[in-house]
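**Q** So the first sequence is numbered by UniProt numbering: it starts at 1 and just counts up by one.
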Amino acid sequence: MAEAEAVAEAEPVAEEPRTVFADLGLSEKLLRAVEESGYKHPTPIQEQAIPIVLMGRDVLGCAQTGTGKTASFTLPMMDILAGSRAKARMPRSLILEPTRELALQVAEQFVKYGKYLGLTHALLIGGESMDDQKAALEKGVDVLIATPGRLLDLFDRGRILMADCKLLVIDEADRMLDMGFIPDVERIGSIIPALRQTLFFSATMAPEIRRIADAFLRNPKEITVSRPATVATTITAGLFYVPEMDKREALRRLIRREQVQNALIFCNRKRDVDILYKSLKKHGFSVGALHGDMDQSARFATLNAFKANEIRLLVCSDVAARGLDIGGLSHVFNFDVPFHSEDYVHRIGRTGRAGREGHAYTLATPEDGKLVQAVEKLTGAPIPRMEIEGMEPITEAEIAEAMTRKRGGRGSRADAGRGERSGGRDRHGRGRERDRDERPRRAAAPPATPAAEEMTEERPRREEARRRDERPRREEARRDEQPRRDEARRDEPRRDRERDDHRRRDRDRDDLGPPVRGFGDDVPAFMLIPIPRPRKPRAETGAPEGDAAEAA
DNA sequence: AAAAAAG
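#1: Evaluate Asn304 with the Cβ neighbour count: other Cβ atoms within 10 Å of its Cβ, from every protein chain shown; 16 or more gives buried, anything less gives exposed.
#2: Is the distance from the Cβ of Met47 to the Cβ of Leu30 below 8 Å?
#3: For Arg256, tell me which candidate among Ala237, Asn268, Phe285, Ser279 has the shortest Cα-Cα distance.
#4: Taking DSSP's pairing of strands, which residues face His283 in a bridge?
#5: If you run the structure through DSSP and keep just helix, strand and coil, what is Lys87?
#6: Run through the DSSP bridge pairs and tell me what Ala289 is partnered with.
#7: Candidates Leu195, Ile212, Ile160, Met205: which alpha carbon is nearest Ile182's?
#8: Strictly by DSSP, which residues pair up with Ile125?
#9: Could you give the residue range of the beta strand (DSSP E) that holds Ile265?
#10: Enumerate in chain order the residues of its own chain whose CB-to-CB distance from Ala22 is below 7 Å, with the five nearest sequence positions on each side excluded.
#11: If you reduce the DSSP assignment to three classes, tell me which class Met78 lands in.
#12: Does DSSP put Ile235 in a helix, a strand or coil?
#13: Thinking just about the alpha-carbon of each residue, which of Phe240, Phe110, Val20, Leu154 is nearest to the one in Glu396?
#14: Look up Met386 in the DSSP assignment and say whether it is helix, strand or coil.
#15: Quick one: grab the DSSP three-state call for Pro514.
#16: Between Val141 and Pro76, is the Cβ-Cβ spacing less than 8 Å?
#17: When the Cα atoms are used, what is the spatial distance from Met55 to His283?
#18: Over the uninterrupted alpha helix (DSSP H) stretch that includes Gln133, give me the two end residues.
#19: In terms of DSSP beta bridges, what is Asn334 paired with?
#20: What are the boundary residues of the beta strand (DSSP E) that Gly61 is part of?
#21: Give every residue of the same chain whose Cβ lies closer than 7 Å to the Cβ of Asp343, excluding the five residues on either side of it in the sequence, and list them in chain order.
#22: Nearer than 7 Å: is that true of the beta carbon of Arg211 relative to any heavy atom of the ligand ATP?
#23: Do Thr74 and Tyr113 come within 8 Å of each other at the CB atom, strictly closer than that value?
#24: Nearest to Cys165 by alpha carbon, out of Pro148, Pro42, Thr198, Gln133?
#25: In whole angstroms, what separates the C-alpha of Ala86 from that of Thr236?
#26: When the Cα atoms are used, what is the spatial distance from Asp368 to Asp274?
#27: So Leu378 and Val345 are in contact, right, with Cβ under 8 Å, and what is the actual spacing, rounded?
#28: At the level of alpha carbons, what is the spacing between Arg18 and His41?
#29: When you compare only the Cα positions, how much space is there between Asn219 and Arg57?
#30: Going by CA-CA distance only, name the one from His121, Leu119, Ala146, Gly118 that's closest to Gly127.
#31: Helix, strand or coil for Thr404? Go by DSSP, reduced to three states.
#32: For Arg418, count the other beta carbons within 10 Å of its own beta carbon; 16 or more makes it buried, fewer makes it exposed. Which is it?
#33: Whole angstroms are fine: how far does the CA of Asp246 sit from the CA of Thr99?
#34: From Thr362, Thr70, Asn309, pick the residue whose C-alpha is nearest to that of Pro384; which is it?
#35: Please report how far the alpha carbon of Gln296 lies from the alpha carbon of Val242, in whole angstroms.
#36: By how many angstroms is the C-alpha of Glu258 removed from the C-alpha of Met176?
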């Protein structure tokens, strides 16, 4: 896997005689499995970490995926554990991973390299039935590979006894921190024996990470491995400024014009993953989707199909940004500029691996100017601006203007991701001041005029509506049923444009909206009182513009 | 502001 590749990649570069796995003190059985997988030479982190781990010492490893990090702890762990057996409910080691996919990847390595050792493992992750996991625990497992939530859940149900767990691996600690898992991880640290060996890995060593590491480790050996220098140079990056409404079209053109073998396409939001996925599918691309709201079987199935090259494109959220080991991606597309600039680095790091050439192309709207700046500041170099043939380029001036106008943020959640925000094209200083005034003018629909007319007509009507006392309350009363309606529409197999037109009409109707159904204009006052309810999380997609108004 | 993870 990652490690596998990293090992393979190191080979052609080799000039002087190098270490082989047999030099590291691993057992015969393990070496055989490693060799059968086709690897001879350990990567730098494997070379440094494996002997230390075998000595029983703690390790603080600063390394990213693709450096062979996983094997640097799985291999020696297996040798440490080999020879004795686990008792029921008493696992002997624990590996914590931030995402389910990563946990699965580690488990796959255990199967691959542990085949002659007769070690057992259990994969404790959410989204899957607990029964199998409980059964495995009951039989006794040597290695737990887990995400924090499910592990604690099972522990709290008394299915796991930690007394024998004397080897702990915390992988991707920086990501655990980002994802708010640290309290969970700390709790896990408190329920597992203090007398243990701990291996702690993180791609970065921010002060906060170091503090946590100090709490977990005893006199650790610190091992830092930088990415292979070749990686940076094998990625060709490019940045395309396009209006929000043209992003899907721009992406399609890009995909068609590039020699895309297989590509990840990142969106910032899960909803947009769904939307873009459907759109690409409709346009006949070989595509899958991956995000954390999908059920687990679909997540794994899609990922496997993608790895097996049955699907060429994978639209995903940042669940796939880090650590996922998907070999030989020709391209990474950022359909959105990531909110956090570090994520940019993680995302594009999925391509250009194993010494192969990679391409990382980012679509940005003029509103994304700030985010782009942040990315460029982090990477220390501007991303080369590129243009797409046949699409009107956006000028620097327009971008600059959008950035100064930006005060007040990106507009509503509701609008933001759908690719229909009026976006930077709204260049006459007009529609930006209030979200509620933004009309979702339609993407590729060429004539700007009808939409513009709509707007000028709309506005006075709305102003009037706003003045009326009961109006806002009516809107709110209707809001509750809106998401479901929009959601339903989203699934209609129509062309994007048509569909969005429908949606727009819906909203217009809302604004003047019939009040509560069945009462005409004589709605009892109490029915117009908005019912405060906790906002449903983003699963309720297609939130109406009403939300925007509220947010503003 | 969003994503991940426990249901």
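Even for Gly, the Cβ is constructed at its ideal location relative to N, Cα and C.
**A** Taking the definition as stated:
#1: Taking the first residue of the first sequence as position 1, residue 304 is located at position 304. Classification of Asn304: exposed, given that the 10 Å Cβ count is below 16.
#2: Along the first sequence, one-based indexing puts residue 47 at 47. Along the first sequence, one-based indexing puts residue 30 at 30. Note that residue 47 corresponds to Glu in the displayed sequence, not to Met. Going by beta carbons, Glu47 and Leu30 fall outside the 8 Å limit.
#3: Along the first sequence, read from residue 1 onward, the residue named residue 256 stands at position 256. Per the Cα distances, Phe285.
#4: As a first step, residue 283 must be located in the first sequence, where it is residue number 283. His283 pairs with nothing; no bridge assigned.
#5: Taking the first residue of the first sequence as position 1, residue 87 is located at position 87. Here DSSP, grouped into helix, strand and coil, assigns Lys87 to strand.
#6: One-based indexing of the first sequence puts residue 289 at position 289. For Ala289, which the question treats as bridged, DSSP gives the partners Val315.
#7: In the first sequence, the residue the question calls residue 182 occupies position 182. Of the candidates Leu195, Ile212, Ile160, Met205, the one whose C-alpha sits nearest the C-alpha of Ile182 is Ile212.
#8: Here residue 125 corresponds to residue number 125 of the first sequence, with the count starting at 1. Paired residue(s): none; Ile125 is not in a bridge.
#9: For the purposes of this step, residue 265 is taken as residue 265 along the first sequence, with counting starting at 1. Per DSSP, Ile265 belongs to the beta strand (DSSP E) from 263–266.
#10: As a working note, residue 22 is residue 22 in the first sequence. Cβ neighbours of Ala22 beyond the five flanking positions: Leu31.
#11: Within the first sequence, residue 78 is the residue found at index 78, counting from 1. Correct three-state label for Met78: helix.
#12: The count along the first sequence starts at 1 and reaches residue 235 at position 235. Strand, per DSSP.
#13: The sequence position of residue 396 within the first sequence is 396, counting from 1. Answer by Cα proximity: Phe240.
#14: Position 386 of the first sequence, counted from the start, is the residue given in the question as residue 386. For Met386, the three-state secondary structure derived from DSSP is strand.
#15: The residue labelled residue 514 in the question sits at position 514 within the first sequence. Here Pro514 scores only 40 on pLDDT, less than 50, and its place in the model is too uncertain to base an answer on.
#16: Taking the first residue of the first sequence as 1, we reach residue 141 at position 141. Taking the first residue of the first sequence as 1, we reach residue 76 at position 76. The criterion of a C-beta distance shorter than 8 Å is not satisfied by Val141 and Pro76.
#17: Locating residue 55 in the first sequence gives position 55, where the first residue counts as 1. Locating residue 283 in the first sequence gives position 283, where the first residue counts as 1. Each residue's Cα considered, the two are about 56 Å apart.
#18: In the first sequence, residue 133 corresponds to position 133, counting from 1. Gln133 -> alpha helix (DSSP H) spans 130–139.
#19: Taking the first residue of the first sequence as 1, we reach residue 334 at position 334. Secondary-structure assignment with DSSP links Asn334 through a beta bridge to Phe266, Thr362.
#20: Position 61 of the first sequence, counted from the first residue, corresponds to residue 61. Counting along the chain, the unbroken beta strand (DSSP E) around Gly61 starts and ends at 59–62.
#21: Position 343 of the first sequence, counted from the first residue, corresponds to residue 343. Once the five neighbours on either side are set aside, the close Cβ partners of Asp343 are Asp318, Ala321.
#22: Here there are no bound small molecules, and the ligand ATP is not part of this structure.
#23: Within the first sequence, numbered from 1, the residue matching residue 113 stands at position 113. Within the first sequence, numbered from 1, the residue matching residue 74 stands at position 74. For Tyr113 and Thr74, yes; Cβs fall inside 8 Å.
#24: Along the first sequence, read from residue 1 onward, the residue named residue 165 stands at position 165. Of the candidates Pro148, Pro42, Thr198, Gln133, the one whose C-alpha sits nearest the C-alpha of Cys165 is Thr198.
#25: Taking the first sequence and counting its residues from 1, one reaches residue 86 at position 86. Taking the first sequence and counting its residues from 1, one reaches residue 236 at position 236. Counting only the Cα atoms, Thr236 lies some 49 Å from Ala86.
#26: Here the question's residue 368 lines up with position 368 in the first sequence. Here the question's residue 274 lines up with position 274 in the first sequence. Approximately 21 Å between the Cα atoms of the pair.
#27: Within the first sequence, numbered from 1, the residue matching residue 378 stands at position 378. Within the first sequence, numbered from 1, the residue matching residue 345 stands at position 345. Indeed, because the Cβ distance is near 7 Å, the residues count as touching under 8 Å.
#28: Sequence index remark: in the first sequence, residue 18 carries index 18 (1-based). Sequence index remark: in the first sequence, residue 41 carries index 41 (1-based). Using only the alpha carbons, I get a separation of about 7 Å.
#29: Here residue 219 refers to the residue found at position 219 when the first sequence is read from its first residue. Here residue 57 refers to the residue found at position 57 when the first sequence is read from its first residue. Cα to Cα, the separation comes out at about 8 Å.
#30: Within the first sequence, residue 127 is the residue found at index 127, counting from 1. Closest by alpha carbon: Ala146.
#31: Here residue 404 corresponds to residue number 404 of the first sequence, with the count starting at 1. Of the three classes helix, strand and coil, the one that applies to Thr404 here is helix, per DSSP.
#32: Translated into positions along the first sequence, residue 418 becomes position 418. Only weak support is given to the placement of Arg418: the predicted model assigns it a pLDDT of 35, under 50, and the question is left unresolved by the model.
#33: Looking up residue 99 in the first sequence gives position 99. Looking up residue 246 in the first sequence gives position 246. The alpha-carbon atoms of Thr99 and Asp246 are separated by roughly 33 Å.
#34: Locating residue 384 in the first sequence gives position 384, counting from the first residue. Nearest of Thr362, Thr70, Asn309 to Pro384, Cα basis: Thr362.
#35: Looking up residue 296 in the first sequence gives position 296. Looking up residue 242 in the first sequence gives position 242. Roughly 34 Å between the two C-alpha positions.
#36: Here the question's residue 176 lines up with position 176 in the first sequence. Here the question's residue 258 lines up with position 258 in the first sequence. One alpha carbon belongs to Met176, the other to Glu258, and they sit about 35 Å apart.
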